[in-house]
Amino acid sequence: MTVEQYMPDFALEKVYDLTVESLNREGIKAVFVDLDNTLIAWNNPDGTPEMRQWLQELSVAGIRVVVVSNNNHERVKKAVDKFGIDFESRAMKPFTLGIDRALKRFGVQKNEVVMVGDQLMTDIRAAKRAGIRSILVKPLVVSDAWVTQFNRWRERRMLKKIIAKYGPIQYKKEI
Numbered sequence: 127m128t129v130e131q132y133m134p135d136f137a138l139e140k141v142y143d144l145t146v147e148s149l150n151r152e153g154i155k156a157v158f159v160d161l162d163n164t165l166i167a168w169n170n171p172d173g174t175p176e177m178r179q180w181l182q183e184l185s186v187a188g189i190r191v192v193v194v195s196n197n198n199h200e201r202v203k204k205a206v207d208k209f210g211i212d213f214e215s216r217a218m219k220p221f222t223l224g225i226d227r228a229l230k231r232f233g234v235q236k237n238e239v240v241m242v243g244d245q246l247m248t249d250i251r252a253a254k255r256a257g258i259r260s261i262l263v264k265p266l267v268v269s270d271a272w273v274t275q276f277n278r279w280r281e282r283r284m285l286k287k288i289i290a291k292y293g294p295i296q297y298k299k300e301i
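The following block contains the structure:
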């Protein structure tokens with residue numbers, strides 16, 4: 127297992143820092159985004175005004191946002207229905223099942239999409255395996271659902287290896 131398999135193409139403070147201009151510049155037509163702690167805080171299902179504004183801006187620009195989540199169908203549907211965005215549940219990240227389904231379902235090419243998530247071990251690894259660009263974001267809240275805590279432990283170990291080889295990940299405000 128090499129560190130490159132977990133190295134994001136970009137790192138941002140938060141998903142809402144992705145601007146229409148930067149996505150257009152990169153030729154991105156669809157943003158696949160993790161749900162918990164990336165799009166919404168896992169403990170705040172209603173999201174924030176900032177998130178709603180971001181979704182609106184991308185929608186107006188014709189950039190599709192698709193939640194790609196390991197959660198079950200009911201959980202993801204309940205979380206995103208009020209925002210009117212599409213989703214793929216039971217994505218099985220770090221495997222590519224959900225990403226592959228979303229690529230096919232929405233008819234986008236691998237070079238036209240980016241996967242955004244807060245976890246190296248699932249989101250970034252799945253994007254690397256699927257051959258699409260990836261963006262690591264800081265988690266929206268510092269606490270995690272209990273199921274994520276094991277991944278965070280593994281992630282800390284991988285992050286040490288990345289830092290040893292490349293230096294600290296530099297989180298920016300734009301890609």
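My numbering numbers the first residue of the sequence shown as 127 and each following residue consecutively.
No residue lacks a Cβ here, since even glycine has one placed at the ideal position from N, Cα and C.
Continuous alpha helix (DSSP H) stretch holding residue i: start and end
| i | result |
| --- | --- |
| PHE221 | Taken as a continuous stretch (DSSP letters only), PHE221 belongs to no alpha helix (DSSP H), as it is neither H nor E. |
| GLU147 | 146–151 |
| GLU200 | 199–206 |
Status (buried if at least 16 other CB within 10 Å, exposed otherwise) for residue i
| i | result |
| --- | --- |
| GLN235 | exposed |
| GLU214 | buried |
| ILE289 | exposed |
| ASP244 | buried |
| PRO175 | exposed |
Bounding residues of the beta strand (DSSP E) (the contiguous stretch that carries residue i)
| i | result |
| --- | --- |
| ALA156 | 156–159 |
| MET241 | 239–243 |
| LEU138 | 136–138 |
| SER260 | 259–263 |
| GLU214 | 212–214 |
Helix, strand or coil at residue i according to DSSP, with G and I counted as helix
| i | result |
| --- | --- |
| ALA167 | coil |
| LYS254 | helix |
| VAL234 | coil |
| ASP143 | helix |
| GLU300 | coil |
| ASP249 | helix |
Cβ-Cβ separation, residue j to residue i (assumed contact under 8 Å), whole Å
| i | j | result |
| --- | --- | --- |
| ASN169 | VAL242 | Actually they are not in contact, since the Cβ atoms of ASN169 and VAL242 sit about 20 Å apart, beyond 8 Å. |
### Message
Does the segment 133–141 come into contact with the segment 210–223, if we say contact requires no fewer than three beta-carbon pairs (one atom in each stretch) closer than 8 Å?
### Response
no
### Query
Hey, is the segment 176–183 in contact with the segment 141–153, meaning 3+ C-beta pairs nearer than 8 Å?
yes
### Query
Would you say the segment 181–198 touches the segment 153–169, given that touching needs at least three Cβ pairs under 8 Å?
yes
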